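If you count the sequence shown from 1, position 293 lands on 293 in the UniProt record's numbering, and the numbers rise without skipping. Note that the Cβ used here is the ideal one computed from N, Cα and C, for glycine as well. Owing to the predicted nature of the structure, the values given are computational and were not obtained by experimental measurement.
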Amino acid sequence: MESVGVAPAPVAVAVAEQKMKLLEPRKEPLASSAAAAAAKAPCKWAMKKKLVGGDAGYVLEDVPHLTDYMPELPTYPNPLQDNPAYSVVKQYFVNTDDTVTQKIVVRKNSARGTHFRRAGPRQRVYFQPDEVNAAIVTCGGLCPGLNTVIRELVCGLYDMYGVTSVVGIEGGYKGFYSRNTVTLTPKSVNDIHKRGGTILGTSRGGHDTAKIVDSLQDRGINQVYIIGGDGTQQGASVIYEEVRRRGLKCAVVGVPKTIDNDIAVIDKSFGFDTAVEEAQRAINAAHVEAESAENGIGVVKLMGRNSGFIAMYATLASRDVDCCLIPESPFYLEGKGGLLEFVERRLKDSGHMVIVVAEGAGQDLIAQSMNFVDTQDASGNKLLLDVGLWLSQKIKDHFKKKTNFPITLKYIDPTYMIRAVRSNASDNVYCTLLAHSALHGAMAGYSGFTVAPVNGRHAYIPFYRITEKQNKVVITDRMWARVLCSTNQPCFLSHEDVENMKHDDDERHHLHNTQLLDGSPAKCSPNCNGSAGAE
């Protein structure tokens, strides 16, 4: 994908300099065709940025299109214009120049900033219905809503575009080259949104770029929809680069999935609302247990490997939580101001308490106390120790030393129960919009992108933007302050720690803007190796 720029009318000198930088071509190598090669050179697969400059600091981070390397492709009228269901729609199609801004809170003299191409149906499409052979695959861990996305992709292709050839790839990425496909029709997927999990099965790892693209080519698949987290989307990016290198007419589309809500840029990931809602059941149970016993303590472990969004939002929604521990906010146990002192004080004041802890919190403390050596799963994710069991035992050990201070502690771990449930009404609607936006983009000839809402509007986002870093709770933000106000827990950080974190956030923001303007490659994430299936 080549860098592209449009020279704008002259404005301020600073803006003009930025635009000149936008027009400088990138010189990154193309991706390796195999995951093994990508692993040896972890940053080689990164997509080239396709940037368009405009007036007043406007920057469009555009997504690839099939015509970037197949310029003579014919176009066809969009079948939606003849669809009776859309006859009452005032405007069938998205304007070609419509974009979605990444930042909506600006000052009077702010630059217009980064934009993404708006999602939705286009007036002309690059596939005729009878030529489309679409494939759908799910990778990584389970998440509420997977079946809904599958259903709406199938039904959307059939009902809106008249596509009748849709298959499912079983067992994640490795299913491309080790399993037969499953035919998907509106009838076969009619009720799957009422079930948890994924009817296609899933797995971690198994990414072999050459074998996967060989399979696409051999089976004549020209649209592939890849549902998964940041590691999966990295794998999808490698697949797109190989498809492009071979000159294939095949749209590669990502649908971001992570129950932890840790994908950058997008508003939220599907399944997150369901996870927060389901977490309430565990918190309520812990609160009842704690309240019913003398010095009762309920400890609830929730999902959140690197990001504590589920724990944070579940805490705010519940209002029964006395302490929320997340990976982004370090804590300590012993000594003045430590967690154990707070637990003891809260029990004396209230007679009971509830602690919510994200699975990735306190991992350094556990590793130090157990001399644990890091290991990884098939996706390259660090294997986590059970912080809930460890914390429960530490609390019990502390109060054993206290005479005349008996406690009753109940530990609840609902993590796998939460991710296995069916999606709620809110997530079902969200999954429908995601699926429709994805297939509109594929039919319009876009490729090498993922789809998600940005500030409430669905947009097509280049793969590199959602894989270069993870979305994390900003503990110097007001949302985390609301949690501290709700629980009345200590923040466990010194004033110096907070100031350092603010400084780091400012530096990261400035670094991204600089990289965007001068075309320098973004720093790769630890999983930037073409392996897929990360949560």
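With respect to the beta strand (DSSP E) encompassing residue 287, which residues constitute its N-terminal and C-terminal limits?
-> Per DSSP, residue 287 belongs to no beta strand (DSSP E); it is in the alpha helix (DSSP H), 272–291.
Residue 283: which of 131, 323, 239 sits nearest, CA to CA?
-> 323
Have a look at residue 204 and residue 172 and give me their C-alpha separation to the nearest angstrom.
-> 7 Å
Environment of residue 351 [buried if 16+ CB atoms lie within 10 Å] = exposed
When the Cα atoms are used, what is the spatial distance from residue 68 to residue 261?
-> 32 Å
For the candidate residues 112, 148, 97, whose alpha-carbon lies nearest to that of residue 123?
-> 97
N- and C-terminal bounds of the alpha helix (DSSP H) containing residue 439 = 425–443
First and last residue of the beta strand (DSSP E) that includes residue 449?
-> 449–454
With residue 223 as the anchor, note down where its beta strand (DSSP E) starts and where it stops.
-> 223–228
Which whole runs of the beta strand (DSSP E) in the segment 157–187 are 3 residues long or more, in chain order?
-> 166–169, 181–183
With 16 other Cβ atoms within 10 Å as the buried cut-off, status of residue 89 | exposed
Where does residue 245 sit, in a helix, a strand or coil, going by DSSP?
-> helix
Cα-Cα separation between residue 300 and residue 66, rounded to whole angstroms = 48 Å
Between residue 481 and residue 457, what straight-line distance do the alpha-carbon atoms span, to the nearest angstrom?
-> 27 Å
Report all residues from its chain with a CB closer than 7 Å to the CB of residue 280; omit the five preceding and five following residues, and keep chain order.
-> 314, 317, 318
Three-state secondary structure (DSSP) at residue 345?
-> helix
Could you tell me how far apart the beta carbons of residue 423 and residue 144 are, in whole angstroms, since I believe they sit closer than 8 Å?
-> 4 Å
Could you tell me whether the segment 236–245 touches the segment 444–459, where touching means 3 or more Cβ pairs closer than 8 Å?
-> yes
DSSP on residue 339, reduced to helix/strand/coil?
-> helix
Whose C-alpha, out of 166, 278, 385, 265, is nearest the C-alpha of residue 419?
-> 278
Whole beta strand (DSSP E) elements within the segment 33–107, 3-residue minimum = 50–53, 58–62, 99–101
Might you give, ordered along the chain, the residues of its own chain that have their beta carbon closer than 6 Å to the beta carbon of residue 158, omitting 5 neighbours on each side?
-> 186
Taking 7 Å as the cut-off, decide whether the C-beta atoms of residue 298 and residue 290 are in contact.
-> yes
Could you say if the segment 177–192 and the segment 149–158 meet the contact criterion of at least three C-beta pairs nearer than 8 Å?
-> yes
Of the residues 244, 368, 307, which one's Cα is nearest the Cα of residue 358?
-> 307
So, helix, strand or coil for residue 235, using DSSP?
-> helix
Can residue 466 and residue 264 be called in contact, C-beta distance under 7 Å?
-> yes
Presumed contact (8 Å Cβ cut-off) between residue 304 and residue 360, rounded CB distance | 6 Å
Taking residue 183 and residue 147 to be in contact with their CB atoms under 8 Å, please state how far apart those CB atoms are, rounded to whole angstroms.
-> Incorrect: roughly 16 Å between the Cβ atoms, too far for contact.
In the DSSP assignment, find the unbroken alpha helix (DSSP H) run with residue 408 in it and report its ends.
-> That residue, residue 408, is in no alpha helix (DSSP H); its beta strand (DSSP E) goes 408–412.
Does the pairing of the segment 327–342 with the segment 475–492 give three or more beta-carbon distances under 8 Å?
-> yes
If you draw a straight line from the C-alpha of residue 208 to the C-alpha of residue 167, how long is it?
-> 20 Å
May I ask you to report which of helix, strand or coil DSSP gives residue 321?
-> coil
Where does residue 336 land, buried or exposed, given buried means 16+ other C-beta within 10 angstroms?
-> exposed
Please name the residue, chosen from 99, 119, 121, that lies closest to residue 112 on a Cα-to-Cα basis.
-> 99
Cα separation between residue 222 and residue 128?
-> 11 Å
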